[in-house]
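According to the working numbering, the stretch in the sequence shown is residues 34 to 392, in order. Virtual Cβ for every residue (Gly too), placed ideally from N, Cα, C. Right, one structure below, let's go through it.
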Amino acid sequence: MNLRLILEQSHGEFLTVEKTAMFQTLLAEMEIVVFPLIDSPITFEKIKDDHILFIGCPSIPFDDSEISAILQFVGEGNFLILISGSGGDYANNSNLNEIARYYEFEFNPDYVEDEKHHHNFSRIPIIHKFKKNPIVKRLKKLVYAGCSISILDVSTIPILLTDSDSIPVNSPVMAISEKHSVIGIGGYAFFTDDPISGIRAMDNIRFVYNLFEYIKSRFTKKVEDIEKVLITKPKQLTFKVAKKQFNKLLTLNTEKVNELGEKIDKYWEECSALIKVQKFDQAEQKIYSIYQELLQSIDLVASQIGNTFSEYNALFPKFKGAVLNDFNKWYEAEAETRSKLDMIRNNLKTILKQEHTQA
34 MNLRLILEQS HGEFLTVEKT AMFQTLLAEM EIVVFPLIDS PITFEKIKDD
84 HILFIGCPSI PFDDSEISAI LQFVGEGNFL ILISGSGGDY ANNSNLNEIA
134 RYYEFEFNPD YVEDEKHHHN FSRIPIIHKF KKNPIVKRLK KLVYAGCSIS
184 ILDVSTIPIL LTDSDSIPVN SPVMAISEKH SVIGIGGYAF FTDDPISGIR
234 AMDNIRFVYN LFEYIKSRFT KKVEDIEKVL ITKPKQLTFK VAKKQFNKLL
284 TLNTEKVNEL GEKIDKYWEE CSALIKVQKF DQAEQKIYSI YQELLQSIDL
334 VASQIGNTFS EYNALFPKFK GAVLNDFNKW YEAEAETRSK LDMIRNNLKT
384 ILKQEHTQA
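Take a look at the structure:
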């Protein structure tokens with residue numbers, strides 16, 4: 034299937050359409066369709082039908098409503114690529130870290146340099162330290178220009194690192210949040226047509242290719258189960274087939290709701306631990322962000338059930354009666370999960386307020 038990539042251009046991005054001709058050609062060959070977004074603000078309505086949001090070193094901050102739209106986009110199973118530049122937010126007049134911190138990493142206000150291993154200039158270092166990942170398959174040397182990245186939680190995995198001769202030493206310049214489909218890269222030159230540090234330099238083009246092959250494989254893995262249930266040629270859809278498919282979808286999404294129940298337990302444990310050690314600001318952020326992500330996940334599976342039920346019920350008059358018992362059981366489980374999430378969130382907010390007052 035073709036993937037749709039939004040190339041964000043409405044916040045003064047340094048990575049522009051004009052500077053990325055080779056990158057766009059490569060994406061086209063990979064059946065990834067690029068759509069520049071030139072009108073701000075970013076809203077969920079504008080990007081909800083797309084698969085990848087690509088933000089290439091903005092120079093205008095995102096407002097709160099835009100950040101919420103981006104979080105919702107990720108929460109619904111889509112991919113986000115955040116790219117900074119030398120000096121991080123401070124030098125580029127951006128607030129990418131307000132987004133990145135939700136996914137357990139941040140861009141540092143520095144620039145990577147290496148007097149020993151570089152390409153024409155110490156601030157264009159050669160990256161040759163990689164963590165095992167499909168993205169680094171058959172890579173030997175990359176030309177880099179940008180800042181380093183700090184990892185805030187073990188759930189976020191560093192992929193590319195500086196070496197012991199670099200400043201800063203042994204530091205990530207690319208990371209992937211495993212809890213979410215979010216990728217952070219400290220420099221945008223990889224994707225440009227720049228002859229020295231751009232996509233044609235050393236193994237940079239293979240890196241870019243591997244990156245989007247990784248995204249395509251992850252996206253396929255996320256949707257293939259749902260597609261197996263939902264994709265049927267209209268001429269083959271009978272009452273019997275519709276009932277069978279709907280029951281499969283109920284089973285699949287019941288498993289997902291049960292998994293969300295386990296994530297809610299982890300939500301309680303993670304936020305409680307932060308409150309216990311008096312990391313109140315971080316706890317407050319986590320209480321809000323994880324709640325929103327879990328709520329959006331519940332909404333997604335519920336909408337899949339509801340939309341499919343409505344579609345099949347309109348086609349087959351006897352459908353509702355045939356599946357109503359299982360349908361009601363599903364909604365009872367879904368409502369119980371929502372109630373649990375709200376209870377945990379409210380309890381965390383109460384405990385946080387009490388502990389903050391007493392501190």
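Less than 8 Å between the CB atoms is what I'm expecting for residue i and residue j, so what's the real figure, rounded?
i    : j    : result
I238 : I232 : 5 Å
V334 : K289 : 5 Å
D96  : G121 : About 19 Å; that fails the 8 Å criterion.
I200 : E146 : 5 Å
A316 : L385 : 6 Å
S183 : E139 : 5 Å
D186 : K162 : Rounded, the Cβ-Cβ distance is 21 Å, inconsistent with contact.
P191 : K164 : 6 Å
A222 : A178 : 4 Å
N346 : F352 : 5 Å
I75  : S43  : 7 Å
Alpha carbon to alpha carbon, how far is residue j from residue i? Give it in angstroms, no decimals.
i    : j    : result
S188 : L104 : 18 Å
F360 : F252 : 28 Å
T225 : I160 : 17 Å
T265 : T271 : For T265, the predicted structure reports a pLDDT of 47, less than 50, and the residue's modelled location is therefore unreliable. The matter cannot be settled from this model.
V107 : I157 : 32 Å
E295 : E148 : 49 Å
S372 : N291 : 13 Å
I168 : C304 : 32 Å
F349 : S214 : 38 Å
K81  : V66  : 15 Å
I39  : L193 : 24 Å
I216 : S210 : 6 Å
D198 : H151 : 10 Å
F112 : A234 : 26 Å
K382 : I320 : 8 Å
E109 : N153 : 43 Å
A133 : K52  : 25 Å
Y364 : E41  : 38 Å
N280 : A368 : 19 Å
M63  : V206 : 25 Å
L59  : N35  : 14 Å
I308 : E388 : 7 Å
N141 : M55  : 28 Å
T390 : L282 : 47 Å
A61  : I218 : 22 Å
F77  : D227 : 33 Å
Terminal residues of the continuous alpha helix (DSSP H) containing residue i?
i    : result
G339 : F313 to L348
E292 : F272 to K309
E367 : F352 to Q391
G403 : This structure cannot speak to residue 403, because the chain is shown only from 34 to 392.
A396 : Residue coverage of the chain in this structure runs from 34 to 392, which leaves residue 396 outside it and unanswerable.
E139 : E139 -> not in any alpha helix (DSSP H); beta strand (DSSP E) instead, spanning F138 to F140.
S101 : D97 to G108
A124 : G121 to N125
Assuming residue i is part of the beta strand (DSSP E), what are its boundary residues?
i    : result
A178 : Where A178 is concerned, there is no enclosing beta strand (DSSP E), given that its DSSP letter is neither H nor E.
E78  : Unbroken run through E78 is the alpha helix (DSSP H), F77 to I80; no beta strand (DSSP E).
F223 : Taken as a continuous stretch (DSSP letters only), F223 belongs to no beta strand (DSSP E), as it is neither H nor E.
I85  : I85 to G89
L185 : L185 -> no beta strand (DSSP E), and no H or E assigned at all.
A399 : No statement about residue 399 is possible, as the shown extent of the chain runs from 34 to 392 and does not include it.
I157 : Per DSSP, I157 belongs to no beta strand (DSSP E) and is neither H nor E.
I116 : F112 to I116
At least 3 beta-carbon pairs within less than 8 Å: the region 268-282 vs the region 322-342: Taking one beta carbon from each stretch, the region 268-282 and the region 322-342 have 3 or more pairs nearer than 8 Å; the two touch.
Stretch pair the region 89-98 + the region 113-124: three plus CB contacts closer than 8 Å: Under the three-pair Cβ rule at 8 Å, the region 89-98 counts as touching the region 113-124.
Segment contact flag, the region 122-131 with the region 167-177, C-beta cutoff 8 Å, min 3 pairs: The region 122-131 is not in contact with the region 167-177.
Within the region 35-73, ranges of the alpha helix (DSSP H) (whole runs, at least 4 residues): As far as the region 35-73 is concerned, its whole alpha helix (DSSP H) runs of at least 4 residues are 54-62.
At least 3 beta-carbon pairs within less than 8 Å: the region 71-80 vs the region 240-251: Not touching, per the Cβ criterion.
Any 3 or more C-beta pairs closer than 8 Å across the region 319-328 and the region 372-384: The answer is yes - the region 372-384 touches the region 319-328, with three or more Cβ pairs under 8 Å.
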